[in-house]
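Remarks on the structure that follows.
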Amino acid sequence: MQAIFYSQARNNLRSIISKACTDFDQFIITTKDNQSVVLMSYDEYSAIKETMYLLSSKTNRDRLLDAVEEIEGMKFTCKEIA
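To convert, take the position in the sequence shown, counting from 1, and add 31; that gives this note's numbering.
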């Protein structure tokens with residue numbers, strides 16, 4: 032994640048957007064009065080929002096964590112689908 036000043040972002044906006052979208056870079060853009068925002072690709076933002084939603088329910092969070100443990104511990108069975 033790169034921190035840049037507002038003036039740099041304004042002068043290089045097309046390049047910054049391209050880097051955010053193609054390289055998944057994130058930028059902290061800061062103003063003179065120390066206000067900051069984060070610029071990231073819409074796809075990355077959507078993925079973060081979806082993850083937050085999936086983890087917001089305790090039941091769903093527990094199921095996801097159990098599934099991760101099964102995969103990491105190789106405790107699953109492969110079945111052929113006909």
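For every residue, glycine included, the Cβ atom is placed at its ideal position computed from N, Cα and C.
Item	Value
Three-state secondary structure assigned by DSSP to Leu108	Sequence inspection shows Thr at residue 108; the Leu mentioned does not correspond to that position. Note: Thr108 maps to coil in three-state DSSP.
Backbone CA spacing between Lys50 and Ala113 [nearest angstrom]	43 Å
Ala34: first and last residue of the uninterrupted beta strand (DSSP E) it sits in	Gln33 to Phe36
Beta-carbon contacts of Ile47 that lie in its chain and below 7 Å, excluding the five residues immediately before and after	Ala40, Phe58 and Leu70
Outcome for Ile60 when other beta-carbon atoms lying within 10 angstroms are tallied against a minimum of 16	buried
Tyr37 beta carbon less than 8 Å from that of Thr62	yes
Cα-Cα separation, Val99 to Lys89	15 Å
Reference Asp56; option with closest CA among Ser72, Leu95 and Ser77	Ser72
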